[in-house]
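Have a look at the structure below before the remarks.
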């Protein structure tokens with residue numbers, strides 16, 4: 021499994037947010053967001069950027085390219 025999917029789920033759960041709340045923040049439906057978390061849909065670049073900005077992590081972290089959450 022690609023690291024991205026559990027990472028976006030874990031980041032959301034760490035904030036005690038529902039999928040519906042997260043979907044509202046990134047401007048999509050709960051159903052679409054659920055597909056993003058499960059890897060059922062590719063996450064568009066603009067959504068990845070919104071997720072990274074909201075969670076204050078790098079896109080590389082979301083994509084599993086680094087273990088570092090933020091740039092120095």
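In our numbering, the protein residues as written are 21 to 92. The beta carbon of each residue, even a glycine, is placed where N, CA and C say it ideally should be. Everything numeric in this text was worked out from a predicted model, so none of it was measured.
For residue 64, the three-state DSSP class (helix, strand or coil) | coil
First and last residue of the alpha helix (DSSP H) that includes residue 50?
-> 50-58
Along the alpha helix (DSSP H) that carries residue 40, what are the first and last residues, could you check?
-> Element bounds for residue 40: 39-46.
Hey, out of 22, 26, 84, 83, whose CA is closest to residue 54's CA?
-> 26
May I have the straight-line CA-CA distance separating residue 65 from residue 37, to the nearest angstrom?
-> 22 Å
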